[in-house]
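Per the working numbering, the very first residue in the sequence shown carries number 1; after that it's consecutive. Read the structure below first, then the notes.
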Amino acid sequence: MPKVKLYNVAGQETGEIELNDSVFGVEYNEAVIHQAVVRQMANERLGTHATLTRGLVRGGGKKPWKQKGTGRARVGSIRSPLWVGGGTVFGPTPRSHAKNMPRKARQLAVKSALSEKLRANELVVLDAINFEAPKTKEVVKLLSAFNAEGKALIVDGGESVNNTVLSARNIPGVKAYAANGINIYDIVNCDKLFLTQEAAKKIEEVLA
């Protein structure tokens, strides 16, 4: 099992922790990660896009001019797709973009991404986060203690998770939530991943 250093929120080393090899020691699988990310992004699409066909555009019920004798092209409606203000041909219609993926494959993608974060030294395990109240400056101190620049993800498994979430929500590029909310897109998209001991245990219980 991989051993990693344990830190407090001030960036000081407080010990070591053993992580489950079946979760944090998995071989990198780019294909599964890509499939999982595409699935998550597709499932977040509303699919409400739509255009008006010639039958949906208001007006155009009367024939503009008679069929013969004018010398002009024959026209049945001013809402023809050939006309300005007419309908759209083959435009998008409301539909579901949802994609399916086996549960074990989704879990493998998360495990592979977590393992890669550990190998790239982009994973930090904290002993605990105990914010007594929502304070943005506490999260700023945490990030500065580890020189975390760019996007950061904080996953808390403790009782004060609500304070952690509220403390981080006003910081651009920083996300925070409970262990049961972890997902493949946020893992891949962050530059630094912070896990508390409790969060790591809960993740291992689900994925191991």
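Where is the CB? At the ideal position from N, CA and C, for every residue including glycine.
Closest residue to residue i among the options (Cα-Cα distance)
{"i": "glutamate 159", "options": "Glu204, Ile17, Glu16 and Gln197", "result": "Gln197"}
{"i": "alanine 31", "options": "Asn43, Ile184, Gln12 and Ser144", "result": "Ile184"}
{"i": "asparagine 20", "options": "Lys111, Lys141, Val140 and Val188", "result": "Lys111"}
{"i": "valine 38", "options": "Glu132, His97 and Ala200", "result": "His97"}
{"i": "glutamate 149", "options": "Ala178, Cys190, Ile182 and Asp186", "result": "Cys190"}
{"i": "threonine 53", "options": "Phe90, Phe146 and Asn8", "result": "Phe90"}
{"i": "valine 140", "options": "Gly15, Ser167, Lys201 and Ala120", "result": "Ser167"}
{"i": "lysine 201", "options": "Ile17, Asn8, Arg95 and Lys68", "result": "Ile17"}
Coarse secondary structure for residue i, derived from DSSP in three states
{"i": "isoleucine 203", "result": "helix"}
{"i": "tyrosine 185", "result": "helix"}
{"i": "leucine 123", "result": "strand"}
{"i": "valine 89", "result": "coil"}
{"i": "isoleucine 171", "result": "coil"}
{"i": "leucine 193", "result": "strand"}
{"i": "leucine 46", "result": "coil"}
{"i": "asparagine 163", "result": "helix"}
{"i": "alanine 31", "result": "helix"}
{"i": "arginine 72", "result": "coil"}
{"i": "threonine 136", "result": "helix"}
Rounded straight-line distance, which links the Cα of residue j to that of residue i
{"i": "serine 115", "j": "glycine 55", "result": "54 Å"}
{"i": "isoleucine 154", "j": "arginine 58", "result": "51 Å"}
{"i": "glutamate 138", "j": "glycine 86", "result": "57 Å"}
{"i": "lysine 80", "j": "proline 64", "result": "Sequence inspection shows serine at residue 80; the lysine mentioned does not correspond to that position. Going from the Cα of serine 80 to the Cα of proline 64 covers about 11 Å."}
{"i": "serine 22", "j": "valine 174", "result": "28 Å"}
{"i": "alanine 128", "j": "asparagine 170", "result": "21 Å"}
{"i": "valine 165", "j": "leucine 82", "result": "53 Å"}
{"i": "aspartate 156", "j": "alanine 176", "result": "7 Å"}
{"i": "leucine 108", "j": "valine 161", "result": "26 Å"}
{"i": "proline 134", "j": "methionine 1", "result": "35 Å"}
{"i": "valine 75", "j": "glutamine 67", "result": "7 Å"}
Rounded distance between the beta-carbons of residue j and residue i, thought under 8 Å
{"i": "leucine 207", "j": "valine 125", "result": "At roughly 16 Å, the Cβ-Cβ gap does not stay under 8 Å, so leucine 207 and valine 125 are not in contact."}
{"i": "asparagine 43", "j": "lysine 99", "result": "7 Å"}
Residues sharing a beta bridge with residue i, DSSP
{"i": "glutamate 18", "result": "Lys3"}
{"i": "alanine 178", "result": "Asp156"}
{"i": "glutamate 13", "result": "Tyr7"}
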